Amino acid sequence: MQTAKRYNMPVLFISAEMDTPTLTNRMISALGHIPYNNLHNGEIYDGMFEKLTATIAQFRNLPIFIEEKQKPTISEIQSYARKAKRKYKALGCIIVDYIGLIRDPSKKDRVQEVASISRDLKAMAKEFDCPVIALAQLNRAAEGHKPVASDLKDSGQIEQDADQIIMVHPLLEKETNAPTGVTELIIAKNRHGKRGSVKVQDRLDICRFVGMSFPVEERGAA
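Sequential numbering from 330 applies to the sequence shown in the numbering used here.
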């Protein structure tokens, strides 16, 4: 969303998981810092109405193009991208949520299917001259430890094709396994720069991560 807001560059969002109203509410929540639960439950109070109205107007002016499709094929995603480029002339980025729900009917084996999809997404970045941000799940074996790139589900081809891999690692209390309210973003691969990590504060109530405004005690986190 920052690509559309800050740089006024069109963003294509392929949503294979969430429906458009849910995704739109999440974006409005993040854009206006409006609690998502209030939007989801329709609990809009007098003090929120003016801010919500202004945020909706701002969101409608952003060049965000949402395509909702359950289990889309890679060819359908390519078609959506070409349609968006015809409309906007150029794209700032393409977001795919998520790889595990994309299909390639020409492949019978799931590992081969995901490998083919990964290569096609890489080719799309070149064709449309923009980043392709593809969300992916991790293997169950990744539970209980800090994730690494090889934990990506279904195919090592994703790890090979990606220019950058950012792992989202919520930090938990060591003894109780309760959320600490902090997430570590791990840059597990960076073809054009350094690897590393940064801790951010969870603001899931407004569908955002924000910069840390307080010191984090790491001893109680895992």
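The beta carbon of each residue, even a glycine, is placed where N, CA and C say it ideally should be.
Here the structure is a predicted model, which means the values were calculated and not measured.
Candidates the options, of which the one nearest residue i by Cα
{"i": "L381", "options": "L391, P392, D480, Y365", "result": "Y365"}
{"i": "H369", "options": "A383, L352, E379, L360", "result": "L352"}
{"i": "I562", "options": "E379, E513, V477, I494", "result": "Look at the range of the chain in this structure, 330 to 551, and you will see that residue 562 is not part of it."}
{"i": "M377", "options": "G361, F388, L391", "result": "G361"}
{"i": "Y427", "options": "Q441, D438, P434, S447", "result": "S447"}
{"i": "I423", "options": "Q399, S445, K455, K436", "result": "K455"}
{"i": "E488", "options": "K518, L430, A413, E442", "result": "K518"}
{"i": "G510", "options": "D490, R532, H521", "result": "R532"}
{"i": "L514", "options": "H498, G522, R524", "result": "H498"}
{"i": "L500", "options": "I395, V529, R524", "result": "V529"}
{"i": "E397", "options": "K437, K334, R439, I431", "result": "I431"}
{"i": "Q441", "options": "C459, R469, A478, Q486", "result": "Q486"}
{"i": "G525", "options": "N468, E372, K475, S408", "result": "K475"}
{"i": "T512", "options": "A470, D438, M541, R355", "result": "M541"}
Exposure of residue i, with buried meaning 16 or more beta-carbon neighbours within 10 Å
{"i": "K416", "result": "exposed"}
{"i": "A345", "result": "buried"}
{"i": "T332", "result": "buried"}
{"i": "V527", "result": "exposed"}
{"i": "A507", "result": "exposed"}
{"i": "K410", "result": "Rather than Lys, the amino acid found at residue 410 in this sequence is Ala. Buried, because 16 or more other Cβ atoms sit within 10 Å of the Cβ of A410."}
{"i": "V539", "result": "exposed"}
{"i": "R548", "result": "Per-residue confidence for R548 stands at a pLDDT of 34, beneath the threshold of 50, marking its modelled position as unreliable; the derived number appears in the next sentence. Classification for R548: exposed."}
{"i": "P401", "result": "buried"}
{"i": "P350", "result": "exposed"}
{"i": "P434", "result": "exposed"}
{"i": "D375", "result": "exposed"}
{"i": "D480", "result": "buried"}
{"i": "M496", "result": "buried"}
{"i": "N337", "result": "exposed"}
{"i": "P339", "result": "buried"}
{"i": "K418", "result": "exposed"}
{"i": "M453", "result": "buried"}
Rounded Cβ spacing between residue i and residue j (contact assumed at less than 8 Å)
{"i": "A359", "j": "I516", "result": "That pair is no contact at about 22 Å."}
{"i": "F388", "j": "I357", "result": "5 Å"}
{"i": "D483", "j": "V443", "result": "4 Å"}
{"i": "L341", "j": "L420", "result": "6 Å"}
{"i": "I363", "j": "T384", "result": "6 Å"}
{"i": "R520", "j": "D492", "result": "4 Å"}
{"i": "D449", "j": "I403", "result": "5 Å"}
{"i": "G429", "j": "Q466", "result": "5 Å"}
{"i": "K412", "j": "F457", "result": "Contact doesn't hold; Cβ gap of about 12 Å is too wide."}
{"i": "S445", "j": "K436", "result": "5 Å"}
Span of the alpha helix (DSSP H) around residue i
{"i": "V527", "result": "Careful: V527 lies outside any alpha helix (DSSP H), inside the beta strand (DSSP E) at 525-532."}
{"i": "N367", "result": "365-370"}
Residue i: first and last residue of the uninterrupted beta strand (DSSP E) it sits in
{"i": "G361", "result": "Unbroken run through G361 is the alpha helix (DSSP H), 349-361; no beta strand (DSSP E)."}
{"i": "L341", "result": "340-344"}
{"i": "R335", "result": "No beta strand (DSSP E) holds R335; the alpha helix (DSSP H) holding it covers 331-336."}
{"i": "A463", "result": "461-463"}
{"i": "R520", "result": "Taken as a continuous stretch (DSSP letters only), R520 belongs to no beta strand (DSSP E), as it is neither H nor E."}
* **Minimum length 4: unbroken alpha helix (DSSP H) runs contained in the segment 483-508** => Listed in chain order, they are 486-490.
* To do: Would you list, in sequence order, the uninterrupted alpha helix (DSSP H) runs of no fewer than 4 residues that lie entirely inside the segment 376-440?
  => Fully contained in the segment 376-440 are the following alpha helix (DSSP H) runs of length 4 or more, in chain order: 403-417.
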